[in-house]
Amino acid sequence: MGRIHDENVPTRPAFPAAGSKPVRGADDDKGLLLYVHVPFCRSRCHYCSFHSQSFDQTTFAWYLSLLLKEIELWGRRLQRPRLRTVYFGGGTPSLIPLAQLDRIMAALRKAFVLNPGLETTIEANPDSAHDVSYFRGLLSLGFNRLSLGMQSLKDADLQTLGRPHSAGMAYQAFDQARRAGFGNIGLDLIWGLPGQKLKVWLDQLRIVSEMRPEHISAYNLTLEEGTVMARRCGEGGDLTLPLDQEQGRMFVYGAEYLESTGYLHYEVSNFARMGFTSVHNSGYWDGSDYLGLGPSAVSTLGRRRFTVPRYMDEYDAYVRGELVGNDYEDLTDDDLLKELVMLSLRTAKGLDLKEYRRRTGMDLIKRRERLVSALHRENLVRISGGRLRLTKNGMLVSNVIIERLAFGD
Ligand code: SF4
10 MGRIHDENVP TRPAFPAAGS KPVRGADDDK GLLLYVHVPF CRSRCHYCSF
60 HSQSFDQTTF AWYLSLLLKE IELWGRRLQR PRLRTVYFGG GTPSLIPLAQ
110 LDRIMAALRK AFVLNPGLET TIEANPDSAH DVSYFRGLLS LGFNRLSLGM
160 QSLKDADLQT LGRPHSAGMA YQAFDQARRA GFGNIGLDLI WGLPGQKLKV
210 WLDQLRIVSE MRPEHISAYN LTLEEGTVMA RRCGEGGDLT LPLDQEQGRM
260 FVYGAEYLES TGYLHYEVSN FARMGFTSVH NSGYWDGSDY LGLGPSAVST
310 LGRRRFTVPR YMDEYDAYVR GELVGNDYED LTDDDLLKEL VMLSLRTAKG
360 LDLKEYRRRT GMDLIKRRER LVSALHRENL VRISGGRLRL TKNGMLVSNV
410 IIERLAFGD
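Now the structure itself:
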C-alpha cells in the first residue's frame with residue numbers, strides 16, 4: 010500500500026484537488042456515507058483500544074467548535090453533496106447534550122443535503138442515555154436508528170469488561186428508547202468472555218432475541234495490546250478465555266439460534282430482522298465512499314484514504330489549516346481489489362465472481378484452485394449463484410481464509 014506519513018513529504022490537501030474526478034459518493038445517485046467521531050467516554054473500558062478521552066466541558070467545547078468548522082469546510086469543499094447515511098460513533102456520542110447535538114445536526118443540514126428519512130444512527134451507552142426524554146429529543150433531532158452498547162446481560166461480566174453500567178441500566182435504556190418511539194434499535198453484545206460457557210451465551214441470546222431489537226451485533230472479545238483485559242488474560246493473569254473449541258461452538262450455535270428466531274446473519278458479526286440491515290455499515294462493506302469527521306476519523310473519497318489527526322491540538326491545526334493534512338494514502342487497483350475480496354467475503358452475499366473477473370481479467374477460482382478446493386472439502390466455503398461465500402464454519406476462521414484468498418499463499 011502506498012501509505013504516506015512522513016515528515017519529509019510535502020503537506021498536501023487530504024482530498025481530491027479541485028478539478029479532479031468528482032468524488033464517487035458525492036455525485037452518484039446513492040450519496041455519501043458520513044461518519045462523525047465523538048472521542049469522549051465516561052471511563053475507559055478494559056478491552057478498548059479506540060481513540061477516546063474522558064469528557065470535560067472545556068475539551069468538549071473546543072471539540073464542538075472545531076467539528077462545526079470541519080463540517081462547514083467539507084460542505085463547501087464537496088459542494089454540498091447529498092448524504093446516504095449519517096452515523097455518530099465513538100467514543101460515546103450519547104454524552105453530548107441535546108442542545109449541542111442540535112447544533113451539529115443543523116450544521117450538517119446546512120453543509121450537506123440530507124434527504125428526509127435517511128438512516129441517521131447514534132451510538133449510545135446505557136450510563137448516559139437511559140431516560141425517555143433524552144430518546145425523544147434524539148428522535149426530534151432526526152436520529153432514527155439507535156445502536157445501544159449492552160455488551161452483556163450479566164453484571165459480573167460488565168464489571169470484568171470495565172463497563173460503567175449494569176445490565177439493569179441496559180434493559181432500562183432499551184425500554185425507554187422503545188417507549189420514546191425508536192423503531193430501529195441495535196444491541197451490541199460481546200461473546201467469548203473470560204469463563205463464559207456456551208449455555209450462558211445462548212441464554213443471553215434467547216433473552217435478547219425475545220426483546221426483539223431490529224439489529225444485533227455480536228462481537229468476539231479480542232485482546233488488544235496494552236489493555237487491562239489483555240494483561241489479565243495474558244500469561245500469569247487471573248482471567249482465562251474459553252477454549253477455542255468452546256468459542257467455535259458459541260459462534261456457530263449462536264448464529265444458528267439467532268437465525269431460527271428471524272434474524273438474518275448478514276455479516277460475520279451482524280444480524281438483522283427483515284428490512285433492518287445497517288445501510289451505513291453495508292455501504293462500507295460494498296466499498297462505497299465515506300467521509301469521516303472528528304479526531305481519528307478515516308475517510309475514503311475516490312481513491313484517496315486519509316485520517317484526521319487524533320489529538321486535539323493536531324485536530325485544531327488540521328481544521329484551522331482548512332483540512333490540510335499529510336496522513337493519507339492513494340489506493341492502487343490492487344489495494345481496491347484486495348479490499349473487495351476482504352470486505353465482501355465477510356458478508357452473507359459473498360464475493361461476486363463475475364465482478365472480480367471484470368476488474369482483474371482473472372478467474373479467482375482458477376487462480377486459487379487448490380486453496381478453494383481444500384476450503385470446499387472442509388465445508389468452509391461454498392459457491393452458488395456466481396458468488397463465493399463463507400459457511401458458518403468458514404466465518405469462524407474468516408480472517409485466515411480471507412487473507413489467503415486475497416493475498417495468496
Ligand atoms: S464506551 Fe466504547 S469507546 Fe468508550 S471506552 Fe468503552 S468500548 Fe471504548
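Numbering (the working numbering), first residue to last: 10 to 418. All C-beta atoms in this analysis are idealised placements derived from N, C-alpha and C, irrespective of residue type, glycine included. Just so it is clear, the structure is predicted and the values come from calculations on it, not from any experiment.
- Judged by DSSP secondary structure, residue 301 falls within the beta strand (DSSP E) whose first and last residues are 299 to 302.
- Of the candidates 77, 186 and 317, 317 places its Cα closest to the Cα of residue 60.
- The DSSP assignment places 342 to 353, 362 to 369 and 373 to 376 as complete runs of the alpha helix (DSSP H) inside the region 336 to 377, in order along the chain (cut-off: 4 residues).
- Judged by DSSP in its simplified three-state form, residue 229 adopts strand.
- Straight across, the Cα-Cα distance linking residue 75 with residue 116 is about 12 Å.
- Exclusion of residue 319 from the 6 Å shell around the ligand SF4 follows from its C-beta lying no nearer than that to any non-hydrogen atom of the ligand.
- In this structure, DSSP gives residue 137 a state outside helix and strand, which the three-state scheme calls coil.
- Boundaries of the alpha helix (DSSP H) around residue 84: 66 to 86.
- Contact annotation, residue 359 with residue 329: C-beta distance approximately 45 Å; criterion of less than 8 Å not satisfied.
- For the pair residue 301 and residue 308, the CB atoms are nearer than the 7 Å cut-off.
- Inclusion of residue 101 in the 6 Å shell around the ligand SF4 follows from its C-beta lying nearer than that to a non-hydrogen atom of the ligand.
- Rounded to whole angstroms, residue 66 and residue 254 show a C-alpha spacing of 47 Å.
- Looking at the DSSP output, residue 400 sits in no beta bridge, so it has no partner there.
- With a cut-off of 6 Å, the C-beta of residue 61 is classified as near the ligand SF4, since at least one heavy atom of the ligand falls inside that distance.
- Of the heavy atoms belonging to the ligand SF4, none sits nearer than 6 Å to the Cβ of residue 242.
- Taken in chain order, the unbroken stretches of beta strand (DSSP E) that lie wholly in the region 172 to 246 and span 3 residues or more are 194 to 200 and 224 to 229.
- Ranked by Cα distance from residue 211, the options 167, 315, 270 and 180 are led by 270.
- Secondary structure note for residue 289: its alpha helix (DSSP H) is the uninterrupted segment 288 to 294.
- Taking residue 145 as the centre and dropping the five residues before and after it, the same chain places the C-beta of 189 closer than 6 Å to its C-beta, in chain order.
- Residue 324: not part of any beta strand (DSSP E); member of the alpha helix (DSSP H) spanning 321 to 329, first to last residue.
- For residue 53, the shortest C-beta to heavy atom distance toward the ligand SF4 is below 6 Å.
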